Structure formats: structure tokens, C-alpha cells
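What follows is a set of notes on a single structure, which appears directly below.
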DNA sequence: GTCTATAGCGCGATAGAC
DNA sequence: GTCTATCGCGCTATAGAC
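Residue numbers (the numbering used here), protein chains in the order written: chain A, 9 to 200; chain B, 9 to 200.
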């Protein structure tokens, strides 16, 4: 059953391509060939490339943050929530057995070559992640599961930095297990 | 006094451009215009783009690792060495008052759109950094300055991940002070 | 909503003069 | 070692038929 509409197919394929090769190495032709229509057909749905990328980031951000909110709202312990957060990026974003970067990380790296309005959207995606991470960290602090000095906000930024850097490094080195090892170690550090 | 030869000028300009906009948004024309020669003049020194990028990464890797070796060989404490390591990426690589990414980070993000041989060179740059970080961490462990559970190798990868992720995030958010805050917090965590 | 066809440009790269 | 000139291609994007 293939009831997915073309607009969604375009977004799916574009996201996959960007996560693999980057924004500037992905073309309308790549997209059109992958879904079996022509160049002009893609332009019908997304007249400009910056518009396509903007729509893509919005969908991605909504999806990830919504999954994150589900994790936060669950009755699990803070430590489990944090692990599920890390697993989200490991499986959903490094999914499909091939090495994919985080869309947010890739757009961040290439952000200076994109529409200026996109920079703020990418930054907001980062901030939204950090805000949710801070909630989990505070919860763990209060329950005694996490023990660390200083404010949870800075720690949340540190955790998100490690997550993003860990994905980058694991992908380049071709060792998918490294990401897990890095964040497992980080959890242990947070537990004190 | 301008005694810098053209080959060096090309490498300097290309590196600056890649650190800002990425490999795939940088062109021979950008380079030639920046140094005041023509497209063909750049091709004389670097016939292919992959060759140029390879030469660039080699120079960059040699420079960074040599500075790192100097830091390690210095009589400073392990904590000071680690701070100097972080400052190296903060000042030398985010230099020139504008937001630049780490060349290694940028090539890592865009690595799937580059010559396959470059992937291994980028990975080796990461590993070389991690190896040196591990030396500093072990030194700090032995002197009692650092206290952490588990092997220094995994911790070195965690530290390098945080450094790379921190540079990415700070750059996108336009807040250069964030990088420093993240790594300052990491140092405090390592001190236990 | 997708097609054919094409405009217009920037790209990496090369030949050959100087 | 840098130049002019150019090739051939891929790109984003658009016009107009179906």
C-alpha cells in the first residue's frame, strides 16, 4: 500500500539525502529521480529550495519535539527518559541501517550557505531540545538520580553538544556503537 | 610585506571559505576572486577540488596536532593543558572575529559528498585528537586532578564530541561565549 | 499534478598564448 | 605562473501543454 502523497514523498527523500550528503550536495534532480517524477514536478510542490528546506526543518522539528514531549510525560525515571532521548537520535535519526547525520546538525554545519531565516530556525530547534533536556535533568536532580554542580541549563547544553558531536564522530568513523558508548559514559557521569 | 606565495594564499582562502560556508558552497571562483587571480590560476596549483581539500586537511591536521603536541610537552598541569587545548579550538579555529566551524567538523558533516579517501583522513584526524586528549586525561588521573570512572579512551572521545558539538551549537546560535561555558563545565565534571 | 522543453547561470576543468 | 577563452555539465527555476 502506497498512499503517501507526493509532497510527503518529496520531504522524505529530501530529508534522507540531506542527512547523508548535505544540503548543497542534494539537488532537485536527485529528489525527482528517487520518487519517479520530473524536476518540474518537484518545483510544483516546493517552488524554491530554501522553501523546501524550511518546510523540512519544520516537520522534523515538530516530529522530534513531539516524541521528546511524549518521553518527558511518561512515568519513567529521569535516567530512563534520558536514555530514551539518546536512543531517539540513535534509531530514528541514524535509522535505515545507513549512516545519517541529524538534520539539525547538518543544517547547522552548512547554515551560512542557506537562507538567513533558516539560521534562527535551526538555533530554535537546538534551544527547544536543550529546554527539554533541562527538564529531565532537573527531574533527575530532584529524585537524586543525577548529581552535578551548577545549573541544569548549562548542563543541558553540554549534553546536547555531546549528543551532536557524538553523532558526527561516529558517522565519520563508521562506528555506530561509538555514539552509544559516549552517551552511556555521559549518563554515568551525571549519576556521579 | 606580502611574501606569502600563491599556493599558500589559496589554501588560506579556501580554508576560511570552507569553515564558513562548507565545501560544497565554496568554488574555485570564490577563491580566485579573493586572491585576485583567475579561475585557471587556481587550477594550476590545485588541478582538482578533491586534491585541494586533501592538501588543506593535511596542512590543517599537521598544524593542529603539532600545537597539541606542544601543549602536551609543556610543564603545565593536566587541567591547564586541557584548557589550552579547548582554547586552541576557540581562538585559532574560531579566529578572525567571525564564526568559523572546525575544518574537521565541516568535512565530517559533508564527508559523504567528498572523495572516499577523505573520509578516512578526517577520521584519522579525530582519532589523533582523541589519542592526545587521552594522554592529558591519564596524566590528570594520575596526578589526582581528574576523577572519573572507566577508561580514558572513551572519556577522550566524549570530550572531543563535546568540543565538536559545542562549536557547532555556539556558531549557529551566534553566541561565542557558549562554547567556553560548555567546556568549562566539562572540566569541572572531570575534576569530580 | 505532472509533463516537455528550455532559459540562464555557475560550476570544475582544460587548451594554448604569453 | 597567470592569462583568455571555452567546453560540457548540472543546477535552480519557469513557461506552457496535457
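Where is the CB? At the ideal position from N, CA and C, for every residue including glycine.
In this text, all values refer to a predicted model and were calculated from it rather than measured experimentally.
Inspect the CB distances between the segment 133-141 of chain B and the segment 31-49 of chain A and report whether three or more fall short of 8 Å.
-> no
Do the segment 160-175 of chain A and the segment 56-65 of chain A make contact, defined as three or more Cβ pairs closer than 8 Å?
-> no
Per-residue contacts from residue 28 (chain B) into chain A (C-beta, under 9 Å) = 120 and 121
At a CB-CB cut-off below 7 Å, which residues of chain B make contact with residue 134 (chain A)?
-> 177, 180 and 181
Three-state secondary structure (DSSP) of residue 180 (chain A) | helix
Local conformation of residue 40 (chain B) per DSSP, three classes | helix
Got a sec, what are the start and stop residues for the alpha helix (DSSP H) residue 19 (chain B) sits in?
-> 14-29
Tell me whether the beta-carbon of residue 89 (chain A) lies closer than 8 Å to the beta-carbon of residue 153 (chain A).
-> no
List the residues of chain A whose Cβ lies closer than 8 Å to the Cβ of residue 39 (chain B), in chain order.
-> Result: empty, since nearest Cβ-Cβ is about 15 Å, beyond 8 Å.
Sort B:157, B:122 and B:96 by Cα distance to residue 34 (chain A) and report the nearest one.
-> B:122
Note down, in chain order, all residues in the segment 159-175 of chain B with a beta-carbon under 8 Å from any beta-carbon belonging to chain A.
-> 162, 163, 165, 166, 168, 169, 170, 171, 172, 173 and 174
Contacts that residue 190 (chain A) makes with chain B (C-beta to C-beta distance below 8 Å) = 162, 165, 166 and 169
Please report the Cβ distance between residue 65 (chain B) and residue 129 (chain B), rounded to the nearest whole angstrom; I am assuming they are in contact, meaning their Cβ atoms lie under 8 Å.
-> 6 Å
Just how far apart, CA to CA, sit residue 28 (chain A) and residue 113 (chain B)?
-> 15 Å
In chain A, which residues lie less than 8 Å from residue 195 (chain B) when you measure between Cβ atoms?
-> Those within 8 Å of residue 195 (chain B) in chain A number zero; the least Cβ separation is about 11 Å.
Using a Cβ-Cβ distance under 8 Å, would residue 56 (chain A) count as near chain B?
-> no
With DSSP collapsed to three states, give me the class of residue 154 (chain B).
-> coil
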